[in-house]
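J.: Quick note: the sequence shown, position 132, residue 131 per numbering that gives the first Met the number 0, numbers continuous.
Glycine is no exception: its CB is placed at the ideal position from the N, C-alpha and C atoms.
Note that the coordinates shown come from a computational prediction; the quantities given were computed from them, not determined experimentally.
I am attaching a structure below and will ask some questions about it afterwards.
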Amino acid sequence: MQTLDGEQRRQWNTDGYIVVENALSRDEVTFFNEELDRIRKEPGFEPIKGENLPMGHYGQLPHTEDLDPDGFMDRRDLLPYGKHFIELIDRPNVFDLVVDIMGPYILHSMSQAIVRAPNSTFPGYTHTDGGEALRRIRVTESSVPIAMKALYLLTDTENENTGNLTVFPGSHLRAIPYDGPNPPNPYSPGAAQIRGKAGDCILFPHALWHGPSRNESGHGRRTLLYNYCQLFVRQYDYEVTPEVNAQCTHRQRRLLGDLGYDFMPGSYFYGPKDQLEVITGG
Ligand SMILES: O=C(O)CCC(=O)C(=O)O
Numbered sequence: 000m001q002t003l004d005g006e007q008r009r010q011w012n013t014d015g016y017i018v019v020e021n022a023l024s025r026d027e028v029t030f031f032n033e034e035l036d037r038i039r040k041e042p043g044f045e046p047i048k049g050e051n052l053p054m055g056h057y058g059q060l061p062h063t064e065d066l067d068p069d070g071f072m073d074r075r076d077l078l079p080y081g082k083h084f085i086e087l088i089d090r091p092n093v094f095d096l097v098v099d100i101m102g103p104y105i106l107h108s109m110s111q112a113i114v115r116a117p118n119s120t121f122p123g124y125t126h127t128d129g130g131e132a133l134r135r136i137r138v139t140e141s142s143v144p145i146a147m148k149a150l151y152l153l154t155d156t157e158n159e160n161t162g163n164l165t166v167f168p169g170s171h172l173r174a175i176p177y178d179g180p181n182p183p184n185p186y187s188p189g190a191a192q193i194r195g196k197a198g199d200c201i202l203f204p205h206a207l208w209h210g211p212s213r214n215e216s217g218h219g220r221r222t223l224l225y226n227y228c229q230l231f232v233r234q235y236d237y238e239v240t241p242e243v244n245a246q247c248t249h250r251q252r253r254l255l256g257d258l259g260y261d262f263m264p265g266s267y268f269y270g271p272k273d274q275l276e277v278i279t280g281g
C-alpha cells in the first residue's frame, strides 16, 4: 500500500493535516457534483433543530430544505445513495494513507456531503470533532489518532473566504478553549485557510481545530467527508442496510463493522485474525 512520504509525515505530525492533490479526477468531481444535486431532492438525514433535541442531531427529511443547488445542504449517511459512495470508503489513493496514519484496526465511522451557500451571513466556525468526549483527549505527536477525516473538495477553494476549510496548524496537540471567553473562530490569530482545488482531499484528525470560513465566492462550496475511527470506537452515522451490505466488498464490509462472525463479548476489542490481510488486501 502507498504510505505518506517524508514531507507528508512531517506535516501530519507538526501541522496536523495533509492535502492529497487530485485525489478525485475531473470526471469524478463532475459526477459527484451531479450526485449532490440529485440527493438534495431525495429523502435523507439533515440537521434538525428543536427545543427538546440534543445538540447536533440529524433527522430524516423528505428533501433538503433549500432546493437551489448552491443552497445549504448537510446530508449524512451517504452509502445508501449508491455504490460510488460506498467505493469512497476505501478508495486506494486516500485509504492507503489513512491506514498508514491510523494503522489497520479501524472502522469507517461517518459519511457526509456539505454545501456551504454563498453570500450568506454565515460567519464560519471552529470546532473539533468527536463532541464533548474527544475534546478532552489529547494524543502525542507520535501516536496514531483515535479518529480522522478525509474531506474531498468538489469545488475550488483557491481564494480565501470561498468556504475554505480553515485549520489551526498544530492545534491537534492542544485543548480547544471551546467554552472559554474567546473560543477560536476562522479569523482568530493562528487560523489558516486551506487553498485547494476541486478533487483535492484534506486529511486531518478529529482533534485538529477546524471549520469552514465565510463563503463569498458567489457559488456553493461543496465537500464530501469520510471519517475513520479505531476499531474499539463506534461508528456514528449509519446502520448497514442489507442493500448497502450486498454492494460491499469484503474489505468495505469489514470497515463497516462486519468482523466475519457474530458479535460476542470481546468483539471490536481485539481485531479478527485476518484483519491485517483484509485491510491491506495482502
Ligand atoms: O464545511 C466545512 O468546511 C467543514 C466541515 C466540518 O467542520 C467538519 O468536517 O467537521
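Beta-carbon distances below 7 Å to any heavy atom of ligand 1 define the shell here; list its residues in chain order, please.
T.: This selection yields Ile113, Arg115, His126, Asp128, Lys148, Leu150, Gly162, Leu164, His209, Gly210, Pro211, Thr222 and Leu224.
J.: Please classify Arg74: does DSSP put it in a helix, a strand, or coil?
T.: Note: Arg74 maps to strand in three-state DSSP.
J.: How would you label Asn163, buried or exposed, when you count the other beta carbons within 10 angstroms and need 16 or more for buried?
T.: Answer is buried; the Cβ neighbour count reaches 16.
J.: Cβ of Ala116 within 8 Å of Cβ of Gly70?
T.: Going by C-beta atoms, Ala116 is nearer than 8 Å to Gly70.
J.: When burial is assigned at 16 or more other CB atoms within 10 Å of the CB, is Arg37 buried or exposed?
T.: The residue in question, Arg37, is exposed, as its Cβ has fewer than 16 Cβ neighbours within 10 Å.
J.: In the DSSP assignment, the alpha helix (DSSP H) including Asn92 goes from what residue to what residue?
T.: Start and end: Pro91 to Met101.
J.: Taking all protein chains shown into account, decide if His249 is buried (16 or more other Cβ within 10 angstroms of its Cβ) or exposed.
T.: The residue in question, His249, is exposed, as its Cβ has fewer than 16 Cβ neighbours within 10 Å.
J.: According to the Cβ coordinates, are Val232 and Ala149 closer than 8 Å?
T.: Cβ distance not < 8 Å, so Val232 and Ala149 don't count as in contact.
J.: Anyone know if the C-beta pair for Asp76 and Ser24 falls short of 8 Å?
T.: It is not a contact, given that the beta carbons lie outside the stated cut-off.
J.: Count the C-beta pairs between the region 32–46 and the region 56–73 that are closer than 8 Å, then say yes if the count reaches three, no if not.
T.: With a cut-off of 8 Å, the region 56–73 and the region 32–46 count as touching, because enough Cβ pairs lie within range.
J.: Residue range of the alpha helix (DSSP H) that His83 falls in?
T.: Here the alpha helix (DSSP H) through His83 covers Lys82 to Glu86.
J.: Could you pull out every residue in the same chain whose Cβ sits closer than 8 Å to the Cβ of Ala174, ignoring the five residues on either side in sequence?
T.: Cβ neighbours of Ala174 beyond the five flanking positions: Arg134, Arg135 and Arg137.
J.: Relative to the C-alpha of Arg9, which residue among Ser141, Cys200, Glu64 and His83 is closest?
T.: When only C-alpha atoms are compared, the closest one is Ser141.
J.: For a test of the three-state rule: what should DSSP assign to Gly198, helix, strand or coil?
T.: In the structure shown, Gly198 sits in coil (DSSP, three-state: anything other than H, G, I, E or B).
J.: In terms of alpha-carbon separation, which member of Asp65, Thr139 and Ile85 lies closest to Leu224?
T.: It is Ile85.
J.: Can you check DSSP and say which residues form a bridge with Arg221?
T.: Arg221 is bridged to Val114.
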